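Residue numbers (my numbering), protein chains in the order written: chain A, 7 to 421; chain Z, 375 to 459.
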Amino acid sequence: MKRRVVITACSAITPIGYDKNDIIESLKKGKSGVGVLRDDGLLSKHIHSRVFGTVDYPINYDFKRQYRKTMGPVAYYACQVAKDVLERSGLSEEFITSGRLGVAFGSTHGSPTVQREIYKTFFSDLDSKFSSIGAVDYLRSMVHTTAVNISRMFGITGRIIASSTACTTSSQSIGYGYESIKYGMQDAMICGGADEYDTTTVAVFDNLLACSVNYNTTPECTPRPFDANRDGLVVGEGGGAVLLEEYESAKKRGAEILGEVLGFACNNNGGDLILPNLDGITATLRLALADAEMNPADVDFVSAHATATKMGDVIESQAIAAVYGKGPLVTGLKSYMGHTMGTCGVIETILSLYMMEQGFIAPTLNLDNVDKRCDMLRHTPGLTETETKIAAIQNFAFGGVNTCLIIKNGRDAVQ
Amino acid sequence: MTRDEFKDKILAILVDDFEFEEPGLEDNLRDDHGFDSIDAIELLGKIELILGFSFTREEKEKAMGIRTINDILDYVEAIQQSRTK
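Shown next as structure tokens:
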């Protein structure tokens, strides 16, 4: 049994806004969400990259203590966007708690903020500190904290998938959620990811010389995917969720169809855990098209992973060129907000949905001079008014994990 | 510490830290205030700080039968008495 899977609600907390209109405005006006790295009292003073994709606006959380007590900052993002999608969906409480709705949600490594406090306790060598290590700290910091805090807050009793594969975390969430519905294991899934403000991730990339350092006084000018003067990625924070539903039941209850997930692929490079791999990611893009039963020519828009690292963008360009030629428009959406890590797949999916609905595609920000090794693509030439029917969202992660989602415009999904 | 003094401290903790609204001494902690096993462990830690000593494993296991604030007061009173014997 194969069933159609549609997207019926979405929400994203991003460095370029939380409200849909704010995000669309940033995309249309080319406003960056990259700012200055904040002082964390620990690592930040040692990090050479002084930029970060920052959520710098207030969010009015309204969570009872009963739920807050097991939530670190990452779970606040996760539960807020999950709350939004459930409210927007109009799904009944009876359905939400029926076991037919599941959660596929993850983060890069739970809550580093809480982990930092735990480690201080672990290594204090004091009996009084040892006894203060509690279950709550673990629940707030653990790697599946986002998924289970969501399920607890809303009484969700269906399956839990807590992927944690760095940059492919939330695209895996969407992909595995899609497969859960497609093959009849669940009727709906809340899918997404979140990552909180965290300097440990920046430090890792900084030490790998993969972080941007040349634009510390002009944060809005970096990252620069595909640009000749790119100098690395910018880490960011945020959260995003989409609600996936089985098409017939969504249609029957009159749900708004924002898009349809047509295909998904995930594979591994089978070798090096860091270096980008042309064969691996080319295979991913082709596998996703095969799952969607589509030809490359059917795809109008490619949301590239495009972190703005020196080699990553070149290898990705070669893979896109090998699969699509110069067919679809290509944009690296991280140029607007940096790399939101475990969240990037779902945020880029939501931004693609917004652009498809509004009839435009935003260009890669800061792409002033295309690197010759990346110029074989059809880079989106400025703000482009266009009808996009099919979008491909691709993400690649440390560990050699690759994903690709094929998404159909919601208007075309309704038949 | 008298039972009344301890009661005031516990009520303050339940209101300030556990966000209880108008706690009553015979309220069911779980049903009336959503108090769960995680809260119980956290509260025991706070009681240990008030009393200035750590509970034994056996003493902690006895706390599993607590249902109301009066039960907490009885529990602490019993432990204090057993330790002064």
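Don't be surprised by glycine CBs; every beta carbon is placed ideally from N, CA and C.
Keep in mind that this is a model prediction, so the values were computed, not measured.
* Should Met-7 of chain A be labelled buried (16 or more other beta-carbon atoms within 10 Å of its own) or exposed? -> Residue mapping note: residue 7 of chain A aligns to position 1 of the first sequence, counting from 1. It is exposed - the Cβ of Met-7 of chain A has fewer than 16 other Cβ atoms within 10 Å.
* Thinking C-alpha only, which one of A:Pro-64, A:Val-61, A:Phe-128 is nearest Ile-139 of chain A? -> Residue mapping note: residue 139 of chain A aligns to position 133 of the first sequence, counting from 1. In terms of Cα proximity to Ile-139 of chain A, the closest of A:Pro-64, A:Val-61, A:Phe-128 is A:Phe-128.
* Tell me Asn-375 of chain A's beta-bridge partners as DSSP assigns them. => By one-based count along the first sequence, residue 375 of chain A stands at place 369. In DSSP, Asn-375 of chain A forms no bridge with anything.
* Report yes or no: is there a C-beta of chain Z within less than 8 Å of the C-beta of Arg-56 of chain A? => Position 50 of the first sequence, counting from 1, holds the residue named residue 56 of chain A. Cβ-Cβ to chain Z under 8 Å: no for Arg-56 of chain A.
* To do: Sort A:Met-77, A:Thr-223, A:Ser-170, A:Thr-386 by Cα distance to Ala-403 of chain A and report the nearest one.
  => For the purposes of this step, residue 403 of chain A is identified with residue 397 of the first sequence, where counting begins at 1. Checked all of A:Met-77, A:Thr-223, A:Ser-170, A:Thr-386; the closest Cα to Ala-403 of chain A is A:Ser-170.
* Asked: Nearest-angstrom Cα distance between Leu-4 of chain A and Ile-321 of chain A?
  -> Here chain A covers residues 7 to 421 and nothing more, so residue 4 of chain A does not appear.
* To do: Could you please give me the residues that DSSP links to Ile-167 of chain A through a beta bridge?
  => Translated into the one-based positions of the first sequence, residue 167 of chain A becomes position 161. Under DSSP, the beta-bridge partners assigned to Ile-167 of chain A are A:Ala-110.
* Asked: Nearest to Lys-188 of chain A by alpha carbon, out of A:Asn-222, A:Ser-104, A:Gly-199, A:Ala-298?
  -> As a position in the first sequence, residue 188 of chain A is number 182, starting the count at 1. Measuring from the Cα of Lys-188 of chain A, the nearest candidate turns out to be A:Ala-298.
* Per DSSP, which one or two residues make a beta bridge with Met-361 of chain A? -> As a position in the first sequence, residue 361 of chain A is number 355, starting the count at 1. Met-361 of chain A is not bridged to any residue.
* What three-state label does DSSP hand Val-61 of chain A in the structure shown? -> For the purposes of this step, residue 61 of chain A is identified with residue 55 of the first sequence, where counting begins at 1. Judged by DSSP in its simplified three-state form, Val-61 of chain A adopts coil rather than helix or strand.
* Asked: Grouping DSSP H, G and I as helix and E and B as strand, with all else coil, what is Lys-332 of chain A?
  -> One-based indexing of the first sequence puts residue 332 of chain A at position 326. Three-state DSSP puts Lys-332 of chain A in coil, outside helix and strand.
* Which residue spans inside the stretch 189-247 of chain A form an unbroken alpha helix (DSSP H) run of at least 4? -> Unbroken alpha helix (DSSP H) stretches of 4 residues or longer found wholly inside the stretch 189-247 of chain A: 205-213, given in chain order.
* Other residues of its chain near Val-120 of chain A: CB distance less than 7 Å, five sequence neighbours each side excluded -> The count along the first sequence starts at 1 and reaches residue 120 of chain A at position 114. Here the set comprises Gly-78, Asp-143, Arg-146, Ser-147.
* Using a Cβ cut-off of 7 Å, which residues of the stretch 381-415 of chain Z contact any Cβ in chain A, in chain order? -> Listed by position, the residues of the stretch 381-415 of chain Z near chain A (Cβ gap below 7 Å) are Phe-392, Glu-393, Gly-408, Ile-412, Ile-415.
* **Run of the alpha helix (DSSP H) containing Phe-128 of chain A, from where it starts to where it stops** => Position 122 of the first sequence, counted from the first residue, corresponds to residue 128 of chain A. Here the alpha helix (DSSP H) through Phe-128 of chain A covers 118-128.
* Minimum Cβ-Cβ distance from Val-71 of chain A to chain Z less than 8 Å -> Position 65 of the first sequence holds residue 71 of chain A. The residue asked about is misnamed: residue 71 of chain A is Arg in this sequence, not Val. Answer yes: the Cβ-Cβ gap between Arg-71 of chain A and chain Z drops below 8 Å somewhere.
* Do we get a CB-CB distance below 8 Å when we pair Lys-75 of chain A with the residues of chain Z? -> If you number the first sequence from 1, residue 75 of chain A lands on position 69. Under the Cβ distance rule, Lys-75 of chain A counts among the residues neighbouring chain Z, one pair being separated by less than 8 Å.
* Counting only beta-carbon atoms, is Gly-269 of chain A nearer than 8 Å to chain Z? -> Mapped onto the first sequence, residue 269 of chain A falls at position 263. No Cβ of chain Z is located within less than 8 Å of the beta carbon of Gly-269 of chain A.
* Environment of Thr-386 of chain A [buried if 16+ CB atoms lie within 10 Å] -> Indexing the first sequence from 1 puts residue 386 of chain A at position 380. Buried, by the Cβ-count rule.
* Using a threshold of 8 Å, state whether the C-beta atoms of Phe-366 of chain A and Thr-390 of chain A are closer than that. => Taking the first residue of the first sequence as 1, we reach residue 366 of chain A at position 360. Taking the first residue of the first sequence as 1, we reach residue 390 of chain A at position 384. In this structure, Thr-390 of chain A lies closer than 8 Å to Phe-366 of chain A by Cβ.
* Any chain Z beta carbon closer than 8 Å to Ala-141 of chain A -> One-based indexing of the first sequence puts residue 141 of chain A at position 135. So yes, Ala-141 of chain A belongs to the interface.
* Would you call the CB atoms of Pro-229 of chain A and Thr-313 of chain A closer than 8 Å? -> Position 223 of the first sequence, counted from the first residue, corresponds to residue 229 of chain A. Position 307 of the first sequence, counted from the first residue, corresponds to residue 313 of chain A. In terms of Cβ geometry, Pro-229 of chain A and Thr-313 of chain A form a close pair [threshold 8 Å].
* Distance between beta carbons of Cys-272 of chain A and Gln-178 of chain A, contact taken as under 8 Å -> Indexing the first sequence from 1 puts residue 178 of chain A at position 172. Indexing the first sequence from 1 puts residue 272 of chain A at position 266. Right, their Cβ atoms sit about 6 Å apart.
* **Test item: CB-CB of Glu-226 of chain A and Ser-32 of chain A under 8 Å** => Walking along the first sequence from the start, residue 226 of chain A turns up at place 220. Walking along the first sequence from the start, residue 32 of chain A turns up at place 26. Note that the C-beta distance between Glu-226 of chain A and Ser-32 of chain A is not below 8 Å.
* Bridge partner(s) assigned by DSSP for Leu-250 of chain A -> The residue you call residue 250 of chain A lines up with position 244 of the first sequence. Leu-250 of chain A pairs with A:Ile-13, A:Met-195.
* **Validate contact between the stretch 419-433 of chain Z and the stretch 404-418 of chain A using beta carbons, cut 8 Å, 3 pairs** => Under the three-pair Cβ rule at 8 Å, the stretch 419-433 of chain Z does not count as touching the stretch 404-418 of chain A.
* Around the C-beta of Asn-66 of chain A, are 16 or more other C-beta atoms found within 10 angstroms, so that it is buried, or is it exposed? -> For the purposes of this step, residue 66 of chain A is taken as residue 60 along the first sequence, with counting starting at 1. Within 10 angstroms of the beta-carbon of Asn-66 of chain A lie fewer than 16 other beta-carbons, which makes it exposed.
* To do: Please go through the same chain and pick out, in chain order, the residues whose beta-carbon is closer than 7 Å to the beta-carbon of Lys-354 of chain Z, but skip the five residues on each side of it.
  => No statement about residue 354 of chain Z is possible, as the shown extent of chain Z runs from 375 to 459 and does not include it.
* Tell me, to the nearest whole angstrom, how far the beta carbon of Val-248 of chain A is from that of Ile-396 of chain A; I am working on the premise that it is less than 8 Å. => Taking the first sequence and counting its residues from 1, the one referred to as residue 248 of chain A is at position 242. Taking the first sequence and counting its residues from 1, the one referred to as residue 396 of chain A is at position 390. That pair is no contact at about 17 Å.
* Contact between the stretch 14-25 of chain A and the stretch 55-62 of chain A (3+ Cβ pairs under 8 Å) -> By the Cβ rule, the stretch 14-25 of chain A counts as touching the stretch 55-62 of chain A, because three or more pairs are nearer than 8 Å.
* Whose C-beta lies closer than 8 Å to the C-beta of Gly-422 of chain Z among residues of the same chain, with five residues either side of it excluded? -> Residue 422 of chain Z sits at position 48 when you count from the first residue of the second sequence. Reading off the sequence, residue 422 of chain Z comes out as Glu, not Gly. Counting only Cβ-Cβ distances below 8 Å, and skipping sequence neighbours, we find Ser-428, Phe-429.
* Asked: Three-state secondary structure (DSSP) at His-115 of chain A?
  -> Numbered from 1 along the first sequence, position 109 holds the residue referred to as residue 115 of chain A. DSSP, read as helix, strand or coil, puts His-115 of chain A in coil.
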